[in-house]
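Read through the structure below, which is laid out as structure tokens, and then see the notes.
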Amino acid sequence: MTGDWELVRGNCTACHSAKLITQQRGTAQQWLTMIRWMQAKQNLWQFDPGTESRIIAYLSENYPPDAARRRASIPPDLMPPNPYSTVAQTNSR
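Residues in the sequence shown are numbered from 6 upward in steps of one, following our numbering.
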């Protein structure tokens with residue numbers, strides 16, 4: 006973990022879980038828009054410019070809009086045998 010993660014955690018998890026952060030994706034502008042919305046509607050405090058820049062940089066670098074949200078599926082040939090599979094299901098493949 007970087008020091009900037011600690012900065013994000015310290016400022017953001019006072020109001021919501023870290024899971025909410027890690028489930029979101031956005032560009033620097035989108036993260037800034039979310040912060041401004043939270044400041045206007047959710048009573049989030051104002052950050053000094055340096056803190057805000059570091060938070061936005063961390064979030065946009067680690068949670069960009071094009072990042073995969075889930076891991077790739079496991080290829081069928083690497084899956085363990087399914088004990089509940091029937092012969093009919095196996096033959097239909």
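Beta carbons are placed, not taken as given, at the ideal position from N, Cα and C, and that holds for glycine. Keep in mind that this is a model prediction, so the values were computed, not measured.
Inter-residue spacing [alpha-carbon to alpha-carbon] between isoleucine 79 and proline 54: Residue mapping note: residue 79 aligns to position 74 of the sequence shown, counting from 1. Residue mapping note: residue 54 aligns to position 49 of the sequence shown, counting from 1. Between isoleucine 79 and proline 54, the C-alpha separation is close to 44 Å.
Neighbour-count burial assignment, tryptophan 36, 16 or more Cβ in a 10 Å radius: As a first step, residue 36 is located in the sequence shown; it is residue number 31 there, counting from the start. It is buried - the Cβ of tryptophan 36 has at least 16 other Cβ atoms within 10 Å.
Spatial distance of glutamine 44 from threonine 38 (CA atoms): Along the sequence shown, one-based indexing puts residue 44 at 39. Along the sequence shown, one-based indexing puts residue 38 at 33. Going from the Cα of glutamine 44 to the Cα of threonine 38 covers about 10 Å.
Of the listed residues Ser65, Arg59 and Gln47, nearest to threonine 27 (C-alpha basis): Walking along the sequence shown from the start, residue 27 turns up at place 22. Of the candidates Ser65, Arg59 and Gln47, the one whose C-alpha sits nearest the C-alpha of threonine 27 is Ser65.
Separation of alanine 23 from aspartate 82, as counted between CA atoms: Here residue 82 corresponds to residue number 77 of the sequence shown, with the count starting at 1. Here residue 23 corresponds to residue number 18 of the sequence shown, with the count starting at 1. Taking the straight line joining both Cα atoms gives about 35 Å.
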